[in-house]
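Chemist: What the sequence shown shows, in my numbering, is residues 112 to 371, in sequence order.
For every residue, glycine included, the Cβ atom is placed at its ideal position computed from N, Cα and C.
For reference, the structure I am asking about is given below.
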Amino acid sequence: MMTEGWNPISMEDRFILWAQVRSGTPRMRIDSGGVLRPERWPEGGGIVYLGDVASSFLSALGPHAPPEFIERPGFDEQRWTLAASSSGLQIIIRSESYWGFALLARCYLNRIEIIGERSDVGRLVMDVLASLGHNPWNAAFGWAFKRHTSLSIPEHREEWSGLASSGKEEMDAAINLLEDRLRKLQPVSDTVSKTHVEEARNDIGRARKALLERNLPSAMRAMARAEKELILADPNTRSDIDEIEENDDEIPYVDLTGEE
Numbered sequence: 112m113m114t115e116g117w118n119p120i121s122m123e124d125r126f127i128l129w130a131q132v133r134s135g136t137p138r139m140r141i142d143s144g145g146v147l148r149p150e151r152w153p154e155g156g157g158i159v160y161l162g163d164v165a166s167s168f169l170s171a172l173g174p175h176a177p178p179e180f181i182e183r184p185g186f187d188e189q190r191w192t193l194a195a196s197s198s199g200l201q202i203i204i205r206s207e208s209y210w211g212f213a214l215l216a217r218c219y220l221n222r223i224e225i226i227g228e229r230s231d232v233g234r235l236v237m238d239v240l241a242s243l244g245h246n247p248w249n250a251a252f253g254w255a256f257k258r259h260t261s262l263s264i265p266e267h268r269e270e271w272s273g274l275a276s277s278g279k280e281e282m283d284a285a286i287n288l289l290e291d292r293l294r295k296l297q298p299v300s301d302t303v304s305k306t307h308v309e310e311a312r313n314d315i316g317r318a319r320k321a322l323l324e325r326n327l328p329s330a331m332r333a334m335a336r337a338e339k340e341l342i343l344a345d346p347n348t349r350s351d352i353d354e355i356e357e358n359d360d361e362i363p364y365v366d367l368t369g370e371e
């Protein structure tokens, strides 16, 4: 059964990935309502081992309500299914063993189902790959992983890499747009504009470098800074900002303390 507020999107926007779990941590709690909570949740609750892959996906998802469990763990605290959503993306992660008696974390895999636009899913996957620090398609027990998922290791690599490439292409396109705006602003004469143009150029370079290093958060921060510098470098848009700040300065101060 889906969690409350879950709104499935068309099948064309549904992507499935499989990942090798390498660590069972972090250890967390499930409250009485089936919601994922920190280990030190004051009301207690059942124990669940989230694992490195699921933890990376939830972190990369950005601000979101606490995930809810579709299938709660029983005796096996690393076997479960949870759902979460944020910013147009919906995700279902299932953790289960695929080898032996599941005595070790590497005996587990995660099935990740993501619903959303391909470009958004691509950025999410890019962020996860950067944070994991290893390739999630490299299985600890290759033949068992292939049998359980019905895909070979090269096919898994293609699925992950294809989505990450989609995210990178969109980021590249966004940086290209910033560069186009920068080129149009470069023939400026006033000192203030020149300063902002140079700052924008530096931030665009930082965004390119961060993207090459698969550091999506740093790339997005650099792009946001470049956007601000481009606005300030344009005398037309800068004057709008100056007017807003001037109006703010003209707001009279009212003493509400009652003291004379």
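Taking all protein chains shown into account, decide if glutamine 297 is buried (16 or more other Cβ within 10 angstroms of its Cβ) or exposed.
Modeler: Its Cβ having fewer than 16 others within 10 Å, glutamine 297 is exposed.
Chemist: Buried or exposed for asparagine 221, going by 16 or more other Cβ atoms inside 10 Å?
Modeler: Buried: at least 16 other Cβ atoms inside 10 Å.
Chemist: When DSSP builds the beta bridges, which residues end up paired with threonine 192?
Modeler: According to DSSP, threonine 192 bridges with Glu182 and Arg205.
Chemist: In whole angstroms, give me the CA-to-CA distance for alanine 171 and valine 236.
Modeler: Alanine 171 and valine 236: Cα-Cα distance of roughly 8 Å.
Chemist: Using DSSP with H/G/I as helix, E/B as strand and the rest coil, what is valine 236?
Modeler: Residue state, collapsed to three classes: helix.
Chemist: What is the DSSP secondary structure of glycine 157, counted as helix, strand or coil?
Modeler: Correct three-state label for glycine 157: strand.
Chemist: Report the residue from Ile202, Thr136 and Gly173 whose alpha carbon sits nearest the alpha carbon of arginine 125.
Modeler: Selected option, being the one with the closest Cα: Ile202.
Chemist: Consult DSSP for glutamate 129 and reduce its assignment to one of helix, strand or coil.
Modeler: Glutamate is not the amino acid found at residue 129; the sequence shown has tryptophan there. Strand at tryptophan 129.
Chemist: Could you name the residues of the same chain whose beta carbon sits closer than 6 Å to that of alanine 336, not counting the 5 residues immediately before and after it, in chain order?
Modeler: The amino acid occupying residue 336 in the given sequence is arginine; alanine does not appear at that position. Result list for arginine 336: Asp314, in chain order.
Chemist: Run through the stretch 259 to 284 for me and flag every whole alpha helix (DSSP H) of 4 or more residues, listed as ranges in chain order.
Modeler: You should have found no qualifying run.
Chemist: Is methionine 113 helix, strand or coil by DSSP?
Modeler: Unreliable positioning characterises methionine 113 in this predicted model, as indicated by a pLDDT of 42, which lies under 50. A coordinate reading is not provided.
Chemist: Report the option in Arg205, Leu169 and Ser277 whose CA atom is closest to the CA atom of glutamate 224.
Modeler: The candidate whose alpha carbon is nearest that of glutamate 224 is Arg205.
Chemist: Give the secondary structure of arginine 312 by DSSP, where H, G and I count as helix, E and B as strand, and everything else as coil.
Modeler: It is helical.
Chemist: Apart from the five residues on each side of it in sequence, which residues of its chain come closer than 8 Å, Cβ to Cβ, to asparagine 246?
Modeler: The answer, listed in chain order, is Leu240, Arg268 and Trp271.
Chemist: Give a yes or no on whether the C-beta atoms belonging to leucine 193 and leucine 147 are separated by under 8 Å.
Modeler: Yes.
Chemist: Nearest-angstrom Cα distance between leucine 322 and aspartate 291?
Modeler: Roughly 18 Å between the two C-alpha positions.
Chemist: Rounded to whole angstroms, what is the Cα-Cα separation between glutamate 179 and glycine 145?
Modeler: For glutamate 179 and glycine 145, the distance between alpha carbons rounds to 6 Å.
Chemist: Let me know the secondary structure DSSP gives leucine 200 once reduced to three states.
Modeler: It is a strand residue.
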